[in-house]
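Colleague: I have a structure I would like to understand better, so I am pasting it below and will then ask my questions one at a time.
There are 2 protein chains.
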Amino acid sequence: MASATPTAAVVVTGTEVLTGRVVDRNGPFLAERLRQLGVDVGRVVVVGDRRDDLASALTYLLAEHDLVITSGGLGPTADDLTVEVVAGVQGRTLRRDEALEQRVRDRVADITRRRGWSTPGEVMEAGIRKQALVPEGAHVLEPVGTAPGVVLTPADGDGPPVVVLPGPPGELQPMWQAAEEDDLVRGVLARASEIRQGTVRIWGPPEAELAALLRDVEDAGGPLEEQGLEVTTCLRKGELEVVTRYAPPAAAAYDALVAALHERFGAQVFADDARSVDDVVAEALLARGESVATGESCTAGMLAARFADRPGSSAYLLGGLVTYANQAKVDLLGVPQHLLESVGAVSAEVAEAMAAGARERVGATYGIGVTGVAGPDGGTPEKPVGLVHVCLVGPSGARPLELQLGGPRDEVRLRTTIAALHLLREELAEAAGA
Amino acid sequence: MASATPTAAVVVTGTEVLTGRVVDRNGPFLAERLRQLGVDVGRVVVVGDRRDDLASALTYLLAEHDLVITSGGLGPTADDLTVEVVAGVQGRTLRRDEALEQRVRDRVADITRRRGWSTPGEVMEAGIRKQALVPEGAHVLEPVGTAPGVVLTPADGDGPPVVVLPGPPGELQPMWQAAEEDDLVRGVLARASEIRQGTVRIWGPPEAELAALLRDVEDAGGPLEEQGLEVTTCLRKGELEVVTRYAPPAAAAYDALVAALHERFGAQVFADDARSVDDVVAEALLARGESVATGESCTAGMLAARFADRPGSSAYLLGGLVTYANQAKVDLLGVPQHLLESVGAVSAEVAEAMAAGARERVGATYGIGVTGVAGPDGGTPEKPVGLVHVCLVGPSGARPLELQLGGPRDEVRLRTTIAALHLLREELAEAAGA
Numbered sequence: 001m002a003s004a005t006p007t008a009a010v011v012v013t014g015t016e017v018l019t020g021r022v023v024d025r026n027g028p029f030l031a032e033r034l035r036q037l038g039v040d041v042g043r044v045v046v047v048g049d050r051r052d053d054l055a056s057a058l059t060y061l062l063a064e065h066d067l068v069i070t071s072g073g074l075g076p077t078a079d080d081l082t083v084e085v086v087a088g089v090q091g092r093t094l095r096r097d098e099a100l101e102q103r104v105r106d107r108v109a110d111i112t113r114r115r116g117w118s119t120p121g122e123v124m125e126a127g128i129r130k131q132a133l134v135p136e137g138a139h140v141l142e143p144v145g146t147a148p149g150v151v152l153t154p155a156d157g158d159g160p161p162v163v164v165l166p167g168p169p170g171e172l173q174p175m176w177q178a179a180e181e182d183d184l185v186r187g188v189l190a191r192a193s194e195i196r197q198g199t200v201r202i203w204g205p206p207e208a209e210l211a212a213l214l215r216d217v218e219d220a221g222g223p224l225e226e227q228g229l230e231v232t233t234c235l236r237k238g239e240l241e242v243v244t245r246y247a248p249p250a251a252a253a254y255d256a257l258v259a260a261l262h263e264r265f266g267a268q269v270f271a272d273d274a275r276s277v278d279d280v281v282a283e284a285l286l287a288r289g290e291s292v293a294t295g296e297s298c299t300a301g302m303l304a305a306r307f308a309d310r311p312g313s314s315a316y317l318l319g320g321l322v323t324y325a326n327q328a329k330v331d332l333l334g335v336p337q338h339l340l341e342s343v344g345a346v347s348a349e350v351a352e353a354m355a356a357g358a359r360e361r362v363g364a365t366y367g368i369g370v371t372g373v374a375g376p377d378g379g380t381p382e383k384p385v386g387l388v389h390v391c392l393v394g395p396s397g398a399r400p401l402e403l404q405l406g407g408p409r410d411e412v413r414l415r416t417t418i419a420a421l422h423l424l425r426e427e428l429a430e431a432a433g434a
Numbered sequence: 001m002a003s004a005t006p007t008a009a010v011v012v013t014g015t016e017v018l019t020g021r022v023v024d025r026n027g028p029f030l031a032e033r034l035r036q037l038g039v040d041v042g043r044v045v046v047v048g049d050r051r052d053d054l055a056s057a058l059t060y061l062l063a064e065h066d067l068v069i070t071s072g073g074l075g076p077t078a079d080d081l082t083v084e085v086v087a088g089v090q091g092r093t094l095r096r097d098e099a100l101e102q103r104v105r106d107r108v109a110d111i112t113r114r115r116g117w118s119t120p121g122e123v124m125e126a127g128i129r130k131q132a133l134v135p136e137g138a139h140v141l142e143p144v145g146t147a148p149g150v151v152l153t154p155a156d157g158d159g160p161p162v163v164v165l166p167g168p169p170g171e172l173q174p175m176w177q178a179a180e181e182d183d184l185v186r187g188v189l190a191r192a193s194e195i196r197q198g199t200v201r202i203w204g205p206p207e208a209e210l211a212a213l214l215r216d217v218e219d220a221g222g223p224l225e226e227q228g229l230e231v232t233t234c235l236r237k238g239e240l241e242v243v244t245r246y247a248p249p250a251a252a253a254y255d256a257l258v259a260a261l262h263e264r265f266g267a268q269v270f271a272d273d274a275r276s277v278d279d280v281v282a283e284a285l286l287a288r289g290e291s292v293a294t295g296e297s298c299t300a301g302m303l304a305a306r307f308a309d310r311p312g313s314s315a316y317l318l319g320g321l322v323t324y325a326n327q328a329k330v331d332l333l334g335v336p337q338h339l340l341e342s343v344g345a346v347s348a349e350v351a352e353a354m355a356a357g358a359r360e361r362v363g364a365t366y367g368i369g370v371t372g373v374a375g376p377d378g379g380t381p382e383k384p385v386g387l388v389h390v391c392l393v394g395p396s397g398a399r400p401l402e403l404q405l406g407g408p409r410d411e412v413r414l415r416t417t418i419a420a421l422h423l424l425r426e427e428l429a430e431a432a433g434a
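Keeping their order, the protein sequence lines are chains A and B.
Take the first sequence: its position 110, counting from 1, is numbered 110 in UniProt numbering, and each next residue is one higher.
Take the second sequence: its position 419, counting from 1, is numbered 419 in UniProt numbering, and each next residue is one higher.
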């Protein structure tokens, strides 16, 4: 199907992805990259390592899209059967490519040497021969790891190309760059036109308030679709995310939508340029030359690790203390023993003492203390599971936050981490405004 | 299609999932739960919030499976259109269910009160009315959050049921429990037969060695498929995972496979009962009444947070120190300044000093020190990006580990965390054997 705006689909193979043992990162990567190129990814299909399921998914998607990309199933084991199945669907037979086989052999030898494996060459050889089988008429994409990719059109002429890529994101991403230069892929990309995407992030309001605002925007300017805006909203971990896709002629309508969001939600809008709260906080700390230290109980390092997610974070993350046991709160953070006895570890007072202790012992501008009941055990009627006290201590004093969160342990800990980042963001925004 | 063993498909809706802003947890949950019930999930399809894409995916899957489950798109905003589209595909019209509407209204009022929202009732009302529209002839699944689910067969009689569930996992999971009791779903489950799943995890060997072993098993006993074993292998973060699905008559063949894995890989096999390295380490620490403390630089809290992922981890995780800045390594962990100057922060010596410092300051049985170059910047010819030193210090001395990891920053940090867990696992296994 060749529509005005080409569309693509992604097939992710692997029983480990289907069952959630591995989280797919390739579908999102390809969706975003193709959007930038003006190609809309309409669906991502995850199938297990089974011949029939993969063949059926390919057949279905080839009938509905202009380009199909597969990820995974190029390894040396017998359950890696993507190339073979794609060849079958496109009506092609596999052939041995001896020159390619030698290049794969060289890569395998190189990796074996670098990793210090003692695996005998003959054990590797069967995998090498398998990985270098390519369909007749395929354009080969040179291996990044040990598996080559291919671009393949149907043997009988007309039909969309399939791009076959390896599963590891570190291999798929560079190989996709090469695929963009392939003639068959370029033929699809040539028909694409720009799709823009804008993201606004808002901290705090319920989704229904956003729905009401969107209805007001429609009452004023007509249905969003007719304004050329494809708006999706998503509430996660307390952050409302409004993502809008539009073609360039709808830019004015999009600007009006962003203005309406700012007007309605004010300072709750923390980014209208796709920045995350992590970005906003990091930029503010860097701009002010300030630093942060953490004192964590229930999050136990998640907050510090989140700061360190970003390259260059050593400029503002000096260190932190994970004080899971009460004795560690006393020894490492200087929380007074009597406070733990009188008000308990999960309290506003202890959160503040942890923040102050982290700030002082690490010597940072700001200290953040976190203490709570992550569950599933340890809750009491007065201090139920989900009760968390966060406190920020900085040059202008203490900024406390009490949370009552629902959900399982990991959810409580993650939402606490995000709320702590927003607490620092709000402090930094006020400091900048003051 | 009603096959001997029923199969199911999952449709995950949401542009935020398609583009990777939200990671789907519902497909894996449903796949695992249905497997336990003897229903095989053949594919998971992710579609954006678009009417045509969702309708086309449903039509395709209804023709190939015995049960289709959707997640998401039940919210109050206009891009939440799953119920409407499913009704259309099944040939049903939507009707207002006033009693259900009142129950949804009560739930919304309750949540608004508990969260302290000040949103006016009329803003909420449009969403309530939308969420309580259900298709004619649907079985309603009572809301867990504010959205009811439905189970719906085609208006024209024969055809698989569609189960429509909300997107948030905290709502979907309990509602799926209710759906299992629904007559239409029970009709599918009644045709199911037991599928077992076994998982063996191995630390260290290259995937090709596993492929060679599997070929040996096939040489001895015939093709795995003919032995009744569906084996998938997956290498991730250095751990090789072998997952096998089989019906009860193939149990002996499965046991033989597990025995062959143990024979070939020995102590590298760290679990043959689906336990993770985290499980193995936690159980060993609990059994021995021992504890751990962390001193982290490049992982910056990830290792401590990973210990704390498990409920009850306060029994063995006492605390940790995140020493991102060099001064913090000196102040918080007692790393000698001269060591930092002579051999540098990323060195075996400093990793050991960090481990010893964490152990001593926190008062734990074991201390683990981690220091490395996570990148993308900070690498030098002698200490390139990906070089990491880990050290475990315990009653029997120091156990060092040098890693040279590839991949981006997050990959280096995650692989380091996993390698550190395996270092502790190996120490605990030796201590138990000694």
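Heads up, the beta-carbon is just placed ideally off N, CA and C, and yes, glycines get one too.
#1: Taking its Cβ as the centre, do 16 or more other Cβ atoms sit within 10 Å of LEU421(B), making it buried, or is it exposed?
#2: Cα-Cα, which of ASP49(B), LEU37(B), LEU100(B) is closest to GLY42(A)?
#3: Specify the secondary structure class of GLY91(B) as computed by DSSP and reduced to three states.
#4: Of all the residues that make up the region 36-66 of chain B, which are near chain A by a beta-carbon distance shorter than 8 Å?
#5: Taking its Cβ as the centre, do 16 or more other Cβ atoms sit within 10 Å of LEU392(B), making it buried, or is it exposed?
#6: Could you pull out every residue in the same chain whose Cβ sits closer than 8 Å to the Cβ of GLU194(B), ignoring the five residues on either side in sequence?
#7: Measure the beta-carbon distance from MET354(B) to GLY372(B) and round it to whole angstroms, keeping in mind my assumption that it falls under 8 Å.
#8: Please list, in chain order, all residues of the same chain as ARG408(A) whose beta carbon is under 8 Å from its beta carbon, the five residues on each side excluded.
#9: Answer yes if the region 175-183 of chain B comes into contact with the region 214-223 of chain B, meaning at least three C-beta pairs across the two stretches below 8 Å, and no otherwise.
#10: Using CA coordinates, which residue listed in ILE69(A), GLY20(A), HIS338(A) is at the minimum distance from ASN26(B)?
#11: Going along chain B, which residues have a C-beta under 7 Å from SER314(A)?
#12: Could you tell me the distance, in whole angstroms, from the CA atom of GLY198(A) to the CA atom of VAL86(B)?
#13: Can you list, in chain order, the residues of its chain whose CB lies under 8 Å from that of ARG399(B), leaving out five sequence neighbours each side?
#14: Per DSSP, what kind of secondary structure is TRP203(B) in: helix, strand or coil?
#15: Would you mind sorting VAL343(B) into buried or exposed? The rule is 16 or more other CB atoms within 10 Å of its CB.
#16: Give the list of continuous beta strand (DSSP E) stretches no shorter than 3 residues that lie fully inside the region 136-174 of chain B.
#17: Helix, strand or coil: how does DSSP classify SER342(A) here?
#18: For LEU18(A), decide whether its Cβ has a neighbour in chain B, counting only Cβ atoms nearer than 8 Å.
#19: If you reduce the DSSP assignment to three classes, tell me which class TYR60(B) lands in.
#20: What residues are listed by DSSP as bridge partners for ASP40(A)?
#21: Identify each residue in the region 98-124 of chain A for which the Cβ-Cβ distance to at least one residue of chain B is less than 7 Å, and report them in chain order.
#22: Enumerate in chain order the residues of its own chain whose CB-to-CB distance from LEU58(A) is below 8 Å, with the five nearest sequence positions on each side excluded.
#23: Just to confirm my understanding: we take ALA109(B), look at its own chain, exclude 5 residues before and 5 after, and list those with CB closer than 7 Å. What are they?
#24: According to DSSP, is HIS262(B) part of a helix, a strand, or is it coil?
#25: Residues bridged to PRO400(B) by DSSP?
#26: Determine which residues of the region 267-283 of chain B have a Cβ less than 7 Å from any Cβ of chain A, and write them out in chain order.
#27: Look at ALA345(B) and SER297(B) and say whether their C-beta atoms are less than 8 Å apart.
#28: Find the residues of chain A that neighbour GLY127(B), judging by a C-beta separation of less than 9 Å, and give them in chain order.
#29: With DSSP as the reference, label ILE69(B) as helix, strand or coil.
#30: In whole angstroms, give me the CA-to-CA distance for ASP278(B) and GLY145(B).
#31: Counting only beta-carbon separations shorter than 8 Å, does PRO28(A) have a partner in chain B?
#32: What are the complete alpha helix (DSSP H) segments, minimum 4 residues, inside the region 311-361 of chain B?
#33: Tell me where the alpha helix (DSSP H) around ARG425(B) begins and ends.
#34: With 16 other CB atoms within 10 Å as the buried threshold, where does ALA250(A) fall?
#35: ARG196(A) by DSSP, collapsed to three states: which one?
#36: How many whole angstroms separate the CB atoms of VAL151(B) and VAL185(B), which I take to be in contact at a CB cut-off of 8 Å?
Modeller: Reading off the structure:
#1: buried
#2: ASP49(B)
#3: coil
#4: VAL41, GLY42, ARG43, VAL44, VAL45, VAL46, VAL47, GLY48, ASP49, ARG50, ASP53, SER56, ALA57, TYR60, GLU64
#5: buried
#6: GLY38, ALA247, PRO248
#7: That belief does not hold up - the Cβ atoms of MET354(B) and GLY372(B) are roughly 11 Å apart, past 8 Å.
#8: The question names Arg, but residue 408(A) in the sequence shown is Pro. Only GLY375, PRO376 meet the Cβ criterion.
#9: no
#10: GLY20(A)
#11: TYR324, ALA325
#12: 29 Å
#13: CYS391, LEU392, VAL393, LEU423, GLU426, GLU427
#14: strand
#15: exposed
#16: 139-141, 149-152, 162-165
#17: helix
#18: yes
#19: helix
#20: THR7(A)
#21: TRP117, THR119, VAL123, MET124
#22: VAL11, VAL68, THR70, VAL85, VAL86, VAL89, VAL162
#23: none
#24: helix
#25: CYS391(B)
#26: none
#27: yes
#28: GLU207, ALA208, ALA211, ALA212
#29: strand
#30: 32 Å
#31: yes
#32: 326-333, 337-342
#33: 409-433
#34: buried
#35: strand
#36: 6 Å
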